[in-house]
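Peer 1:
Protein chains: 2
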Amino acid sequence: MTSAQQSTRTATLTTPNEREIHIEREFDAPRDRVFALYTDPQFIPQWWGPRDTTTQVVEMDCRTGGDWRFICHNSDGNQTGFRGTYREVTAPERIVQTFEWEGMPGYVSLETAVFEDLGDRTKVTTTSTFYTTDERDGMLGSGMESGMNETYQRLDELLERLAGG
Amino acid sequence: MTSAQQSTRTATLTTPNEREIHIEREFDAPRDRVFALYTDPQFIPQWWGPRDTTTQVVEMDCRTGGDWRFICHNSDGNQTGFRGTYREVTAPERIVQTFEWEGMPGYVSLETAVFEDLGDRTKVTTTSTFYTTDERDGMLGSGMESGMNETYQRLDELLERLAGG
Chain A
1155 MTSAQQSTRT
1165 ATLTTPNERE
1175 IHIEREFDAP
1185 RDRVFALYTD
1195 PQFIPQWWGP
1205 RDTTTQVVEM
1215 DCRTGGDWRF
1225 ICHNSDGNQT
1235 GFRGTYREVT
1245 APERIVQTFE
1255 WEGMPGYVSL
1265 ETAVFEDLGD
1275 RTKVTTTSTF
1285 YTTDERDGML
1295 GSGMESGMNE
1305 TYQRLDELLE
1315 RLAGG
Chain B
1155 MTSAQQSTRT
1165 ATLTTPNERE
1175 IHIEREFDAP
1185 RDRVFALYTD
1195 PQFIPQWWGP
1205 RDTTTQVVEM
1215 DCRTGGDWRF
1225 ICHNSDGNQT
1235 GFRGTYREVT
1245 APERIVQTFE
1255 WEGMPGYVSL
1265 ETAVFEDLGD
1275 RTKVTTTSTF
1285 YTTDERDGML
1295 GSGMESGMNE
1305 TYQRLDELLE
1315 RLAGG
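Residue numbers (the numbering used here), protein chains in the order written: chain A, 1155 to 1319; chain B, 1155 to 1319.
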């Protein structure tokens, strides 16, 4: 399997203060390509969510002020929704959006993703900000870290396929 | 005008820390009545917003997990929207909801309104929490305080009419 290196890479997760989660992850692809996979609805079902999930893009108006909503269909037949609003979309370097799991309506966090050009590679730094420490810690306790790493591995694999690797 | 006393009453607005706005206001009506006016869609157009505004309830699923959206039609023919999600609705004492002006999509704040039973009167304490100090100060600079006092005066007058005063 040629994607062995990417598949074992993990993101760096830190909690720099009482209300934030900070995540850094590098990808072996140029910034324009990585940014495109984050912002183009046709690619979302190919990487967004854990492996046993099929993600359906219900709405993705990926520009400043637009809304998004995804429904994740799990292998056990259950489904759950996620939604938010793009506060800022500045290609190819920055996306600021709200994030809300529909299982806990009204628990909205703010996600800032910064795409750093490293030549053939791209570093994506995501900062999630919560209203309170309890809400931040609830997210940390939800298993988000393993789901996130699986999502990033799927993104590695999609980037490799698109590069013809 | 019998509502002179209510019409000159102002809310107490404080900023107890760097991310919150705290507002206290008393109403001359029992708690059940005040809570009903906050939560029943038929009453919203009669008090929500400044006097030169006609508020239309597009959606108001006023229960834990439900969404709301109002459109305010101003006297100059312009309109603007507000929306959010009820995180908690516990009658007759507590409403926790998100609040977002559609003119700044993705700038979501969290509002907690607590209704305190003072017998014939009710004290409503509203705490708005923002992700950052800048967002809080942006709200403070928007003229929200005068709009809020006008809204509360309209609520005074509606409570008086409903009481047959």
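Where a beta carbon is used, it is the ideal one built from N, C-alpha and C, also for glycine.
The model shown is predicted, which means the values in this text are computed figures rather than measured ones.
Which same chain residues end up closer than 7 angstroms to proline 1246 of chain A when comparing Cβ atoms and leaving out the 5 residues on each side of it in sequence?
Peer 2: Arg1185, Asp1186, Phe1189, Phe1269
Peer 1: Kindly list, in the order they appear in chain A, the residues whose Cβ is closer than 7 angstroms to that of proline 1184 of chain B.
Peer 2: Correct list: empty, because the minimum Cβ distance to chain A is about 28 angstroms.
Peer 1: Under the rule that 16 or more other beta-carbon atoms within 10 Å means buried, what is asparagine 1228 of chain B, buried or exposed?
Peer 2: exposed
Peer 1: Tryptophan 1139 of chain B: which of B:Gly1292, B:Asp1271, B:Arg1248 sits nearest, CA to CA?
Peer 2: No answer is possible for residue 1139 of chain B: the residues shown for chain B start at 1155 and end at 1319.
Peer 1: Can the beta-carbon of leucine 1313 of chain B be found less than 9 angstroms from the beta-carbon of aspartate 1182 of chain B?
Peer 2: yes
Peer 1: Just checking: is the beta-carbon of leucine 1191 of chain B within a distance shorter than 9 angstroms of some beta-carbon in chain A?
Peer 2: no
Peer 1: Quick one: list the residues of chain B neighbouring proline 1259 of chain A, beta-carbon separation under 7 angstroms, in chain order.
Peer 2: Gly1219, Thr1239, Arg1241
Peer 1: Return the CA-CA distance between isoleucine 1177 of chain A and glycine 1273 of chain B, expressed in angstroms with no decimal places.
Peer 2: Approximately 51 angstroms between the Cα atoms of the pair.
Peer 1: For glutamate 1180 of chain B and glycine 1257 of chain A, I'd like the C-alpha separation in whole angstroms.
Peer 2: In a straight line, the C-alpha of glutamate 1180 of chain B is about 35 angstroms away from that of glycine 1257 of chain A.
Peer 1: Using a C-beta to C-beta distance shorter than 7 angstroms, which residues of chain A count as neighbours of threonine 1252 of chain B?
Peer 2: Gly1260, Val1262
Peer 1: Look at threonine 1286 of chain A and glutamate 1174 of chain A and say whether their C-beta atoms are less than 9 angstroms apart.
Peer 2: At the C-beta level, threonine 1286 of chain A and glutamate 1174 of chain A stay beyond 9 angstroms of one another.
Peer 1: Can a CB atom of chain B be found closer than 9 angstroms to the CB of threonine 1143 of chain A?
Peer 2: No information on residue 1143 of chain A is available, as it lies outside the stretch 1155 to 1319 that chain A covers here.
Peer 1: For asparagine 1323 of chain A and glutamate 1289 of chain B, I'd like the C-alpha separation in whole angstroms.
Peer 2: Given that chain A is displayed from residue 1155 to residue 1319, the structure contains no residue 1323 of chain A and the question cannot be resolved.
Peer 1: DSSP three-state label for serine 1296 of chain A, please.
Peer 2: If DSSP states are grouped into helix, strand and coil, serine 1296 of chain A belongs with coil.
Peer 1: Could you check where the alpha helix (DSSP H) with aspartate 1186 of chain A kicks off and where it finishes?
Peer 2: 1185-1193
Peer 1: Kindly indicate which three-state DSSP category asparagine 1228 of chain A falls into: helix, strand or coil?
Peer 2: Strand at asparagine 1228 of chain A.
Peer 1: For threonine 1305 of chain A and chain B, any beta-carbon pair shorter than 9 angstroms?
Peer 2: no
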